[in-house]
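**Q** Attaching a single structure in structure tokens format; questions to follow.
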Amino acid sequence: MLSEAELDPFFDKARTEWFRLEALHSYTVDVEQPRLRAYLAGEPYESVPEPAAWYEEIRRRTDEGVAYRKVRVVCGPLGEYERWELEWGYTGSERHGQRTFIIDLAETRHPPQLPAYDWWMLDERVVLRFHYDDDGTFLGAVPIEDPGEVAEHVRHRDAALAVATRFPEYWKAHPQYWRENWLDAPGMIAGPSRLPE
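115 is the number of the first residue of the sequence shown in our numbering; add one for each residue after it.
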């Protein structure tokens, strides 16, 4: 399997599209932890710096004409990580050019049959199958370049986009997930202690 650094050339070669299908309940990413803690503690968005380098990369690539689309598969009610990812993650990445779509399996009458793993597809040329451990820590990725398998993932992408809801519409329709509406709700304990060990 390839490490994160070894994947950079695949992304650098892309000229038309980065497509991401993301389906885990949560991910364990070290650089995300300070913002996740701040979010759960009720601190303001500005209390922890944005992932500026990542946002700059999204903006640079989309300005170059690369479409960056992500389909996020969830099953409501959303967990803490998912609420943070949508409210603090996607609102920022959308401002910089990412286009995010949500498939909520609890609300989608006819969800498409999708692979049971996370993946990226670049220019309909290569698929990167991502592997994670049980805690959502990235282990590595396997490139798939067989034309038949790539074509199958093109069909999966199109099927997912056909039923997904644009993130801004989904978020507007689900105020129960907005932090302001659940942080101080009875039974909710806010703070870093709620993060997984």
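All C-beta atoms in this analysis are idealised placements derived from N, C-alpha and C, irrespective of residue type, glycine included.
Going by other Cβ atoms of all chains shown within 10 Å of its Cβ, with 16 needed for buried, is Leu236 buried or exposed?
**A** The residue in question, Leu236, is buried, as its Cβ has 16 or more Cβ neighbours within 10 Å.
**Q** Go ahead and label Ala166 buried or exposed: buried means 16 or more other beta carbons lie within 10 angstroms of its beta carbon, across all protein chains shown.
**A** Exposed, because fewer than 16 other Cβ atoms sit within 10 Å of the Cβ of Ala166.
**Q** From Phe281 to Ser207, what distance separates their C-alpha atoms?
**A** Roughly 11 angstroms between the two C-alpha positions.
**Q** Please specify which runs of the alpha helix (DSSP H), each continuous and at least 4 residues long, are wholly inside the segment 122–158, giving them in chain order.
**A** 122–127, 147–154, all fully within the segment 122–158.
**Q** If we count the other Cβ atoms within 10 Å of its Cβ and call it buried at 16 or more, is Asp218 buried or exposed?
**A** With 16 or more Cβ atoms within 10 Å of its Cβ, Asp218 is classed as buried.
**Q** Buried or exposed for Val241, going by 16 or more other Cβ atoms inside 10 Å?
**A** Per the 10 Å Cβ criterion, buried.
**Q** Specify, as a first and last residue, the run of the beta strand (DSSP E) that Ala255 falls within.
**A** Run containing Ala255: 252–258, per the beta strand (DSSP E) assignment.
**Q** Got a sec, what are the start and stop residues for the beta strand (DSSP E) Val180 sits in?
**A** From DSSP, Val180 is part of no beta strand (DSSP E); its letter is neither H nor E.
**Q** For His245, name the three-state secondary structure that DSSP assigns.
**A** His245 falls in the strand class under three-state DSSP.
**Q** For Val240, which of helix, strand or coil comes out of DSSP?
**A** Val240: strand per DSSP, three-state reduction.
**Q** Roughly how many angstroms separate the alpha carbons of Phe133 and Asp126, rounded to a whole number?
**A** Their backbone Cα atoms lie some 14 angstroms apart in a straight line.
**Q** In the DSSP assignment, the beta strand (DSSP E) including Asp218 goes from what residue to what residue?
**A** Run containing Asp218: 213–218, per the beta strand (DSSP E) assignment.
**Q** Is there contact between the segment 133–147 and the segment 178–189, where contact requires at least three CB pairs shorter than 8 angstroms?
**A** Touching, yes.
**Q** In this structure, does DSSP put Asp232 in helix, strand or coil?
**A** The answer is strand: DSSP assigns Asp232 an E or B state.
**Q** Give the single residue among Thr142, Pro225, His267, Glu201 whose Cα lies nearest to the Cα of Val277.
**A** Val277 has its Cα closest to that of Pro225, out of Thr142, Pro225, His267, Glu201.
**Q** Would the beta-carbon of Ile216 fall within 8 angstroms of that of Thr142?
**A** Contact: no.
**Q** When the Cα atoms are used, what is the spatial distance from Pro148 to Arg269?
**A** Distance between the alpha carbons of Pro148 and Arg269 is about 37 angstroms.
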